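Colleague: Numbering (full-length UniProt numbering), first residue to last: 1 to 534.
Where is the CB? At the ideal position from N, CA and C, for every residue including glycine.
None of these values were measured; they are calculated from a predicted model.
Could you have a look at this structure, given as structure tokens, before my questions?
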């Protein structure tokens, strides 16, 4: 790929086989005979409302400079992009998970007794985060489209770090609920924003693996969090601090570090290729040209109602949404109760802080391997089901083993940490399989609203009356995992069927492909050249 000429006409001629490629009047596509049978499909193509990528490339062409990759140049460019973007994405995403799980660590460091949480109040504190997430998910996705992507993301990172510090000052159930609401509100921008960064900078063959890498830092966050919490718990026990409790110090340390990393993100991360200071002017244009194969661009700031409507009527999208719901009921429960679950296996509070860390390692390995193999064999969906199957096996071990099988139950818990592989695959497919920037941000909002609903329900299935075994919650988790497995197979079958229909359109007599079609901000459903990744 790196040695291939990538100017628009030559690249299109290579990738489209026998399809005719020629310029059209994109402002009058419905009346133009040159468009042929595709005129009915591309009724929304308009060069005056195209992606920012098309405008940049047209400006280059007007200067008489073709976009051509020299031998080895694309490999060097990709390496440069990786070295600049991936460390930041990984660091912030790891903190994103760590900030959510500090509540679980704090629960066995004295938080519950110090602020007098009783009955289901702890579960509601865990769930309240996702009410804030839901409340701001659609607005923040619109702002991710309208505002500079990196700057809006950085603002939210800084704010959630400062809000996390405030958790160290809560004195009551109501105070904890209020702070957790605002924590969710500011974290709502992170995952959809990172999906947009990935779709901007990487080709469809690269997105699954890289999404798996930055998402795997959930696991690194869990590993780091366990050691930090253990160190603070043991350190403050032997050397008590005047006026500050161990769980309060935990929130302050992690919150301040997150806010500082948000400042770093603001300083280093570009909004897109067009203002990437770490690239030369030529490299910026090459970075745009290389993603032409995605049939998507780098951004369009205009809201398009037809794209929102298409998102709401798309069966594939609802398959995504259903999976986010059923997969995150287990996630919401386990994230908030994993420390207490490990204690229920027969370990002490301090031991549970350390014994939870290998679960993070399992998640890291599962996500990176799944992402790599999914891109390697061009089948992210089916590869990701392996992790979900392991999670089902893990929950069966936790549920079915007797009281003396502490090690077996602990192994079962570790296996459940492979469960995020399909969620991450679908998150990467929002980048890959959803085109049109209004549709993409709408789908991301729907996906993460369902994620929030699942995470709200999750802690509630862990009823105080069922402690310490929580058997009904364990059975609920197994059922949810099985429903998710069926849903992944539905999405796989649907995408295969749509690809066959699009192939028939491209093979039909009179079909002509518009020049620059991939940068016209068309949706995946309306663009015949768009091929769904599996």
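1) To the nearest angstrom, how far is the alpha carbon of residue 248 from that of residue 168?
2) Under the assumption that residue 473 contacts residue 333 (Cβ atoms under 8 Å), give the Cβ distance between them as a whole number of angstroms.
3) In three-state DSSP terms, what is residue 241?
4) Would you mind listing the beta strand (DSSP E) stretches within the region 101–132 that are 3+ residues and don't spill past its ends, in chain order?
5) Comparing alpha-carbon positions, which option in 481, 361, 156 lies nearest residue 422?
6) Ordered along the chain, which non-local residues of its own chain (more than five positions away) have a Cβ less than 6 Å from that of residue 193?
7) Taking Cβ positions, are residue 538 and residue 353 nearer each other than 8 Å?
8) Check whether the Cβ atoms of residue 185 and residue 99 sit closer than 8 Å, and answer yes or no.
9) Return helix, strand or coil for residue 187, following the three-state DSSP convention.
10) Would you mind listing the alpha helix (DSSP H) stretches within the region 357–405 that are 4+ residues and don't spill past its ends, in chain order?
11) Answer with buried or exposed for residue 409, where buried requires no fewer than 16 other C-beta atoms within 10 angstroms of its C-beta.
12) To the nearest angstrom, report how far apart residue 364 and residue 90 are at their CA atoms.
13) With distance defined between alpha-carbon atoms, name the residue in 216, 494, 146, 502 nearest to residue 304.
14) In its own chain, which residues sit with a C-beta less than 7 Å from the C-beta of residue 140, not counting the 5 before and 5 after it?
15) Consult DSSP for residue 316 and reduce its assignment to one of helix, strand or coil.
16) Who are the near neighbours of residue 166 in its chain, counting only those whose CB is closer than 7 Å to its CB and skipping five residues on each side?
17) In three-state terms, what does DSSP make of residue 39?
18) Quick one: what does DSSP say residue 496 is sitting in, helix, strand or coil?
19) Do you know how far the Cα of residue 136 is from the Cα of residue 40?
20) Based on Cα-Cα distance, which residue from 475, 433, 175 lies nearest to residue 311?
21) Straight-line CA distance for residue 24 to residue 68?
22) Find the nearest neighbour of residue 275 within the set 437, 201, 411, 525, judged by alpha-carbon distance.
23) Just the Cα atoms here: how many angstroms apart are residue 428 and residue 399?
24) What does the Cβ neighbour count give for residue 525, buried or exposed, with the cut at 16 atoms within 10 Å?
25) Leaving out the 5 sequence neighbours to the left and right, which residues in its chain are closer than 7 Å to residue 160 when beta-carbon positions are compared?
26) When you compare the region 449–468 with the region 486–495, are there three or more beta-carbon pairs, one atom per stretch, that lie closer than 8 Å?
27) Within 10 angstroms of the Cβ of residue 263, are there 16 or more other Cβ atoms? Answer buried if so, exposed if not.
28) Would you identify the three-state DSSP class for residue 522, choosing helix, strand or coil?
29) Considering just the uninterrupted stretch of the alpha helix (DSSP H) at residue 268, what are its terminal residues?
30) Mind reading off the beta-carbon distance from residue 534 to residue 378? Whole number of angstroms is fine, and I expect it under 8 Å.
31) Under 7 Å Cβ to Cβ from residue 88, same chain only, skipping five residues before and after it: list those, please.
32) Would you decide whether residue 504 is buried or exposed? Buried here means 16 or more other CB atoms lie within 10 Å of its CB.
33) By alpha-carbon positions, which one of 287, 222, 103 ends up nearest to residue 252?
34) For residue 316 and residue 495, which I take to be in contact (beta-carbon distance under 8 Å), what is that distance rounded to the nearest angstrom?
35) Would you call residue 126 buried or exposed, if buried means 16 or more other Cβ atoms sit within 10 Å of its Cβ?
36) Does residue 70 come out as helix, strand or coil in the three-state DSSP assignment?
Modeller: Let's see:
1) Each residue's CA atom was taken as its position, placing residue 248 and residue 168 some 4 Å apart.
2) So it is a contact: roughly 6 Å between Cβ atoms.
3) Residue 241: strand per DSSP, three-state reduction.
4) Listed in chain order, nothing qualifies, since the region 101–132 has no complete beta strand (DSSP E) run of 3 or more residues.
5) When each option's Cα is compared against that of residue 422, the closest is 481.
6) So the list reads 144, 153, once near-sequence residues are dropped.
7) No answer is possible for residue 538: the residues shown for the chain start at 1 and end at 534.
8) Cβ distance not < 8 Å, so residue 185 and residue 99 don't count as in contact.
9) Helix.
10) List check, alpha helix (DSSP H) in window: 357–376, 380–400.
11) Result: buried.
12) In a straight line, the C-alpha of residue 364 is about 11 Å away from that of residue 90.
13) Out of 216, 494, 146, 502, 146 has the C-alpha closest to the C-alpha of residue 304.
14) Its chain contains 188, 189 as the residues whose beta carbon lies nearer than 7 Å to that of residue 140, once the 5 sequence neighbours on both sides are disregarded; these appear in chain order.
15) Residue 316 carries a helical assignment under DSSP once its states are collapsed to helix, strand and coil.
16) The beta carbon of residue 166 sits closer than 7 Å to the beta carbons of 179 from its chain, once the five residues preceding and following it are set aside; these are given in chain order.
17) Note that residue 39 scores a pLDDT of 38, beneath 50, so its modelled location is shaky; the value from the coordinates is reported in the next line. In the structure shown, residue 39 sits in a helix (DSSP, three-state: H, G or I).
18) Three-state DSSP puts residue 496 in a helix.
19) The predicted model places residue 40 with a pLDDT of 46, which falls under 50 and marks its position as unreliable; any figure quoted below should be read in that light. Residue 40 and residue 136: Cα-Cα distance of roughly 37 Å.
20) When each option's Cα is compared against that of residue 311, the closest is 433.
21) Its pLDDT being 37, under 50, residue 24 is placed unreliably in this model, and the coordinates cannot settle the point.
22) Nearest C-alpha to residue 275 among 437, 201, 411, 525: 201.
23) Straight-line Cα distance between these residues: approximately 32 Å.
24) Answer is buried; the Cβ neighbour count reaches 16.
25) Hits under 7 Å: 99, 183, 186, 187, 258.
26) Touching, no.
27) Looking at its Cβ environment, which holds fewer than 16 other Cβ atoms inside 10 Å, residue 263 is exposed.
28) In this structure, residue 522 counts as coil in the three-state DSSP scheme.
29) That run of the alpha helix (DSSP H) goes 246–268.
30) Yes, residue 534 and residue 378 are in contact; Cβ-Cβ is about 7 Å, under 8 Å.
31) Here residue 88 has 265, 268, 269 as same chain residues with Cβ atoms under 7 Å from its own Cβ, once five neighbours each way along the sequence are excluded.
32) With fewer than 16 other Cβ atoms within 10 Å, it is exposed.
33) Out of 287, 222, 103, 103 has the C-alpha closest to the C-alpha of residue 252.
34) Contact between residue 316 and residue 495 holds: their C-beta atoms lie close to 7 Å from each other, under 8 Å.
35) The residue is buried, with at least 16 neighbouring Cβ atoms inside 10 Å.
36) Coil.
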